[in-house]
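Enquirer:
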Amino acid sequence: MPKKATNLHSLARGRIRASYSKFNLFNLYKKSRFNFLYKNLYQQKWTAKQETRAYHGEFMTEGRWMTTFESKPETVANLVKTDVGSVKSHAQEKATPYSIQTFAALERRLDFALFRSMFASSVRQARQFIIHGNCFVNGLKITSPGYPLKAGDVFHVKSEKVLQALGSKKPSLEESLKIDKTQIFLWNKQVKKLQANPRESLQAFTQEMKKLEDGDSRKEQYLILINKYNSELESRIVDERKNCSETNLLRKIYDCIDQNKKSKKDLTAKDFQPYYLNNEFLASSIEKIYKDTIKQLDITPFQEKADGAEEKTTNAELASRILESSKDNELARALRNDLTALKSPYSKAIEVFFKTNKASVQEGLPYDPEWIFQLKKHEPLEATVEEVKENEAKYSKMVNLPWQKGFYGRNDPKKPYFTPWKPKPFLAPFAILPHHIEVSFKTCHAVYLRDPVARPGHSEVISPFGLDIHDRAYMYYNREGL
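Numbering-wise (full-length UniProt numbering), the sequence shown opens with residue 1 and increments by one.
#1: For N24, is the classification buried or exposed, using 16 other Cβ atoms within 10 angstroms of its Cβ as the cut-off for buried?
#2: Consult DSSP for H445 and reduce its assignment to one of helix, strand or coil.
#3: Once the 5 residues before and after L449 are set aside, which same chain residues still bring their CB inside 7 angstroms of it?
#4: Using 8 angstroms for Cβ pairs, my map puts F441 next to S168. What's the rounded Cβ distance?
#5: Three or more C-beta pairs under 8 angstroms: does that hold for the region 410-429 against the region 170-180?
#6: With a 10 Å radius around its C-beta and 16 neighbouring C-beta atoms as the bar for buried, classify Y29 as buried or exposed.
#7: Rounded to whole angstroms, what's the CA-CA distance from I469 to Y476? Just pull it up for me.
#8: Which residues mark the beginning and the end of the beta strand (DSSP E) in which E392 is found?
#9: With distances taken from CA atoms, which of E174, R199, L114 is nearest K161?
#10: Is it the case that the Cβ atoms of D340 and E246 are separated by a distance below 7 angstroms?
#11: Based on DSSP bridge pairs, tell me the residues matched to C256.
#12: Sorted by chain position, which residues of the same chain lie with C-beta nearer than 7 angstroms to F129's C-beta, five sequence neighbours on each side aside?
#13: Within the region 306-390, note down every full alpha helix (DSSP H) run reaching 4 residues or more, in order along the chain.
#14: Which term fits V238, buried or exposed, when burial requires 16 or more other beta carbons within 10 angstroms of its beta carbon?
#15: Confirm, please, whether the CB-CB distance from L106 to V56 is below 7 angstroms.
#16: Could you tell me the alpha carbon to alpha carbon distance between Y367 and K291, rounded to whole angstroms?
#17: Under the assumption that I100 contacts S459 (Cβ atoms under 8 angstroms), give the Cβ distance between them as a whole number of angstroms.
#18: Would you kindly work out how many angstroms separate the C-alpha atoms of A91 and F103, rounded to a whole number?
#19: Report the rounded CA-to-CA distance for R333 versus E324, giving the unit in angstroms.
#20: Might you give, ordered along the chain, the residues of its own chain that have their beta carbon closer than 7 angstroms to the beta carbon of G308, omitting 5 neighbours on each side?
#21: With 16 as the cutoff for other CB atoms within 10 Å, does L8 come out buried or exposed?
#22: Per DSSP, what kind of secondary structure is L297 in: helix, strand or coil?
#23: With respect to the alpha helix (DSSP H) encompassing I286, which residues constitute its N-terminal and C-terminal limits?
#24: Which residue comes first and which comes last in the alpha helix (DSSP H) that contains H470?
#25: Spatial neighbours of L297 within its chain, please: C-beta separation below 6 angstroms, excluding the five flanking residues on both sides.
#26: Let me make sure I understand the geometry here. Which of S144, G139, I372, V123 has the alpha-carbon closest to that of H132?
#27: Counting contacts by CB-CB distance shorter than 7 angstroms, is E438 in contact with chain B?
#28: Count the other CB atoms, across all protein chains shown, that sit within 10 Å of the CB of D271; report buried if there are 16 or more and exposed otherwise.
#29: So, under 8 angstroms CB-CB, A431 and M118 are touching, yes? Tell me the CB distance rounded to an integer number of Å.
#30: Quick check: the Cα distance between V453 and K4, rounded to an integer number of angstroms?
#31: Which residue marks the beginning of the beta strand (DSSP E) containing S440, and which one marks its end?
#32: Can you check whether the CB of A54 is closer than 7 angstroms to the CB of T473?
#33: Buried or exposed: G215, going by 16 or more other Cβ atoms within 10 Å of its Cβ?
#34: Let me know the secondary structure DSSP gives residue 486 once reduced to three states.
#35: Over what stretch of residues does the beta strand (DSSP E) that includes D153 continue unbroken?
#36: Are H378 and W65 touching if we call contact CB-CB under 7 angstroms?
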């Protein structure tokens with residue numbers, strides 16, 4: 001039986017554990033350099049043994065660990081060349097950290113291999129996965145956490161368990177409902193503020209982002225937004241250049257006609273302007289073409305199929321059919337000439353549109369009043385926790401924020417982790433993969449290549465402690481009579 005986890009991540013004791021816990025990260029951060037100045041040799045060895053064992057196999061009793069300990073660590077010999085002119089002295093060669101191999105025997109255990117492969121957030125969680133039958137070695141289910149791996153063994157964990165281990169904690173229904181009510185309130189407040197003073201709000205936001213330091217996470221997100229906006233703008237400009245033809249210009253007129261069909265009003269330049277890069281000259285020219293030519297054309301938007309039925313053609317097909325009839329139709333011929341004359345101004349308008357609408361950190365995002373007034377307030381969520389518990393799926397559909405659909409962290413209530421999945425906070429400092437294991441996160445499989453070894457200046461055993469600590473820990477365990 002493993003040792004009980006009593007106050008494992010105590011901030012007062014400050015022990016460093018084999019865990020991705022945020023409290024463990026704080027203990028790692030505040031751990032100062034060990035001072036052995038006023039301690040005798042045995043006290044130094046005892047302190048080193050305490051600290052290293054808190055990380056390496058803390059769940060094992062001392063007696064059980066001593067049956068695993070190997071006094072002769074596996075290392076690579078340091079051979080020095082003897083050729084004249086290329087000889088390096090022993091002082092110049094990097095020393096081999098033999099003592100860090102003190103706990104190399106633990107790395108062969110299946111529970112440690114799962115933790116090193118980032119399939120579990122701690123060794124204790126890895127043991128739980130194994131005991132509950134979620135781990136397989138070479139296709140066979142293994143339920144013994146201490147199973148010794150051999151070179152070439154392939155092991156894997158069920159993907160849902162890996163997502164649970166590396167994902168954020170799933171909030172309770174009470175926590176999720178409280179967060180969503182707060183988000184809806186703040187969103188409605190922000191929408192009201194933006195619609196009251198849209199231009200001033202955008203300028204104030206741009207000035208705030210400019211003042212932030214380069215390393216600030218909010219400024220990084222702002223830069224990502226600007227780059228995304230510019231890339232979408234460039235893609236649109238490329239498409240506009242490719243489609244700068246009479247057919248495309250005419251298709252946009254019919255798109256505008258279809259969009260305003262319900263209003264049953266005469267279209268003006270203001271209606272055409274959004275379809276033609278918000279260019280006033282193009283919009284007024286298109287209005288003249290619409291009134292003088294298109295309203296006079298007797299072209300049906302329907303065409304007969306083979307079986308005698310009729311179907312509505314697309315606007316692109318309709319525009320192409322009208323321009324093809326320009327050989328015999330005088331109005332269609334005049335329409336083609338007018339559209340051909342607009343191709344050059346349209347190309348210039350594309351360049352102007354790109355320059356005036358390109359975003360930057362200094363200038364910010366371009367002001368678009370239509371986008372501001374398209375923002376809609378969210379209906380307040382008045383349901384109580386008891387009502388939501390009776391029918392969570394029904395109330396979950398009522399949460400429809402721009403960045404979130406459904407309850408916070410509970411898109412799929414059946415999953416044991418935060419949904420949609422997002423990584424555990426403070427995971428990056430622990431994301432260190434060993435040299436002796438090859439990991440595939442796409443399939444949650446890993447290959448145990450070989451036992452970890454020590455080379456000149458490098459050990460494959462991952463440890464938060466320095467060589468001086470491991471030297472004393474090795475001296476403590478490598479003694480006669482044990």
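Using N, Cα and C, we set each Cβ at its ideal position, and we do this for glycine too. Predicted model only: the values in this text are computed from it and were never measured.
Expert: To lay it out plainly:
#1: Counting from one through the sequence shown, the residue named residue 24 turns up at place 24. N24 should be labelled buried.
#2: Residue 445 sits at position 445 when you count from the first residue of the sequence shown. Reduced to three states, the DSSP call for H445 is strand.
#3: As a position in the sequence shown, residue 449 is number 449, starting the count at 1. The residues are A151, H436, I437, E438.
#4: Taking the first residue of the sequence shown as position 1, residue 441 is located at position 441. Taking the first residue of the sequence shown as position 1, residue 168 is located at position 168. Wrong, their Cβ atoms sit about 17 angstroms apart, outside the cutoff.
#5: Touching, yes, given that three or more Cβ pairs across the two stretches are closer than 8 angstroms.
#6: Here residue 29 refers to the residue found at position 29 of the sequence shown. By the neighbour-count rule (16 or more Cβ atoms within 10 Å), Y29 is not buried but exposed.
#7: Counting from one through the sequence shown, the residue named residue 469 turns up at place 469. Counting from one through the sequence shown, the residue named residue 476 turns up at place 476. So the alpha carbons of these two residues sit roughly 11 angstroms apart.
#8: Here residue 392 corresponds to residue number 392 of the sequence shown, with the count starting at 1. Where E392 is concerned, there is no enclosing beta strand (DSSP E), although the alpha helix (DSSP H) it sits in stretches over 392-396.
#9: Against the sequence shown, residue 161 aligns to sequence position 161. If we check each option's Cα against that of K161, L114 comes out closest.
#10: One-based indexing of the sequence shown puts residue 340 at position 340. One-based indexing of the sequence shown puts residue 246 at position 246. It is worth fixing the name first, because residue 340 is Thr in this sequence and not Asp. Yes, these two residues count as a Cβ contact at 7 angstroms.
#11: Position 256 of the sequence shown, counted from the first residue, corresponds to residue 256. C256 pairs with nothing; no bridge assigned.
#12: The residue you call residue 129 lines up with position 129 of the sequence shown. Closer than 7 angstroms at Cβ, skipping near neighbours: L114, A120, C135, V157, K161.
#13: 315-324, 330-357, 369-374, 385-390
#14: On the sequence shown, position 238 is the one that residue 238 refers to. Per the 10 Å Cβ criterion, exposed.
#15: Working through the sequence shown from its first residue, we reach residue 56 at position 56. Working through the sequence shown from its first residue, we reach residue 106 at position 106. Per the sequence presented here, residue 56 reads as His, with Val not at that position. The answer is yes: Cβ separation under 7 angstroms.
#16: Position 367 of the sequence shown, counting from 1, holds the residue named residue 367. Position 291 of the sequence shown, counting from 1, holds the residue named residue 291. Distance between the alpha carbons of Y367 and K291: 31 angstroms.
#17: Your numbering for residue 100 matches position 100 in the sequence shown. Your numbering for residue 459 matches position 459 in the sequence shown. About 4 angstroms separates the CB atoms of I100 and S459; that is less than 8 angstroms, so the two are in contact.
#18: Residue numbering aside, residue 91 sits at position 91 when the sequence shown is read from its first letter. Residue numbering aside, residue 103 sits at position 103 when the sequence shown is read from its first letter. Note that A91 has pLDDT 48, beneath the 50 cutoff, so the model's placement of it is unreliable and the number below is only indicative. The alpha-carbon atoms of A91 and F103 are separated by roughly 27 angstroms.
#19: Translated into the one-based positions of the sequence shown, residue 333 becomes position 333. Translated into the one-based positions of the sequence shown, residue 324 becomes position 324. So the two alpha carbons sit approximately 9 angstroms from each other.
#20: Residue mapping note: residue 308 aligns to position 308 of the sequence shown, counting from 1. Low confidence applies to G308: its pLDDT is 49, below 50, so where it sits in the model is not reliable enough to give any reading.
#21: Against the sequence shown, residue 8 aligns to sequence position 8. Classification of L8: buried, given that the 10 Å Cβ count is 16 or more.
#22: Against the sequence shown, residue 297 aligns to sequence position 297. Here L297 sits in coil by DSSP.
#23: Within the sequence shown, the letter at position 286 stands for residue 286. Start and end: 280-292.
#24: As a position in the sequence shown, residue 470 is number 470, starting the count at 1. Here the alpha helix (DSSP H) through H470 covers 467-477.
#25: Within the sequence shown, residue 297 is the residue found at index 297, counting from 1. Taken in chain order, the residues that qualify are L331.
#26: One-based indexing of the sequence shown puts residue 132 at position 132. Checked all of S144, G139, I372, V123; the closest Cα to H132 is S144.
#27: The structure shown contains no chain B; it is built from a single protein chain.
#28: Position 271 of the sequence shown, counted from the start, is the residue given in the question as residue 271. Classification of D271: buried, given that the 10 Å Cβ count is 16 or more.
#29: Taking the first residue of the sequence shown as 1, we reach residue 431 at position 431. Taking the first residue of the sequence shown as 1, we reach residue 118 at position 118. Indeed, because the Cβ distance is near 7 angstroms, the residues count as touching under 8 angstroms.
#30: By one-based count along the sequence shown, residue 453 stands at place 453. By one-based count along the sequence shown, residue 4 stands at place 4. Between V453 and K4, the C-alpha separation is close to 31 angstroms.
#31: For the purposes of this step, residue 440 is identified with residue 440 of the sequence shown, where counting begins at 1. Looking at the DSSP string, the run of the beta strand (DSSP E) that includes S440 is 437-440.
#32: Residue numbering aside, residue 473 sits at position 473 when the sequence shown is read from its first letter. Residue numbering aside, residue 54 sits at position 54 when the sequence shown is read from its first letter. The sequence shown places Ala at residue 473, rather than the Thr named in the question. Contact: no.
#33: As a working note, residue 215 is residue 215 in the sequence shown. Result: exposed.
#34: No information on residue 486 is available, as it lies outside the stretch 1 to 482 that the chain covers here.
#35: Position 153 of the sequence shown holds residue 153. Run containing D153: 153-157, per the beta strand (DSSP E) assignment.
#36: Taking the sequence shown and counting its residues from 1, the one referred to as residue 378 is at position 378. Taking the sequence shown and counting its residues from 1, the one referred to as residue 65 is at position 65. Between H378 and W65, the C-beta spacing is not below 7 angstroms.
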